[in-house]
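What follows is a set of notes on a single structure, which appears directly below.
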């Protein structure tokens, strides 16, 4: 099976030399997404809810570039900078009209976005 690299201008470029996503056969892996604006690279929002929404927009853009969507997602890893953010974070993907039903693993971490601070990072 051939591995296909997935890229799009509708999601921010990754800081590390990684692809935004990769597909091999029926399996699609999307790289972790930060709440960055694709055009400026700046953090969008100040709350975990706003930042989760932006990260989901970025993931959606990579999925769309791979001819997939959030309905195809079966596993989500969330990295939060504060365990207290666990309460408001799931409300973003549960009530934002995405209708996600999946397994979620939540990991508390200290994540920086370069010199900036992010509240959430999503990994698919």
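Residue numbers (the numbering used here): 1 to 124. A virtual CB, placed ideally from N, CA and C, is assigned to each residue, including glycine.
_Option nearest residue 73 by Cα separation, candidates 54, 59, 3, 1_ = The residue labelled residue 73 in the question sits at position 73 within the chain shown. Of the listed residues, the one whose Cα sits closest to residue 73 is 59.
*Reduced DSSP category for residue 20 - H, G, I as helix; E, B as strand; rest coil*: Taking the chain shown and counting its residues from 1, one reaches residue 20 at position 20. Reduced to three states, the DSSP call for residue 20 is coil.
*Which runs of the alpha helix (DSSP H) spanning at least 4 residues fall entirely within the segment 57-83, listed in chain order?*
none
*Applying the criterion that 16 or more other CB atoms from any shown protein chain within 10 Å of the CB defines a buried residue, is residue 2 buried or exposed?*
On the chain shown, position 2 is the one that residue 2 refers to. Looking at its Cβ environment, which holds fewer than 16 other Cβ atoms inside 10 Å, residue 2 is exposed.
*If you run the structure through DSSP and keep just helix, strand and coil, what is residue 101?*
Position 101 of the chain shown, counted from the start, is the residue given in the question as residue 101. Here residue 101 scores only 48 on pLDDT, less than 50, and its place in the model should not be relied on; the value that follows carries that caveat. It is coil, neither helix nor strand.
*Where residue 7 sits in the DSSP three-state scheme*: One-based indexing of the chain shown puts residue 7 at position 7. Coil.
*Where does residue 28 sit, in a helix, a strand or coil, going by DSSP?*
For the purposes of this step, residue 28 is taken as the residue at position 28 of the chain shown. Strand at residue 28.
*Buried or exposed: where does residue 4 fall if 16 or more other Cβ atoms within 10 Å of its Cβ makes it buried?*
As a working note, residue 4 is residue 4 in the chain shown. Residue 4 should be labelled exposed.
*My guess is that residue 21 and residue 29 are in contact by the Cβ rule of under 8 angstroms, so how many angstroms apart are they, rounded?*
On the chain shown, residue 21 is found 21 positions in, with the first residue counted as 1. On the chain shown, residue 29 is found 29 positions in, with the first residue counted as 1. About 6 angstroms separates the two Cβ atoms, so the contact holds.
*Going by alpha carbons, who is nearest to residue 52 out of 65, 39, 76?*
As a first step, residue 52 is located in the chain shown; it is residue number 52 there, counting from the start. Ranking 65, 39, 76 by Cα distance to residue 52 puts 76 first.
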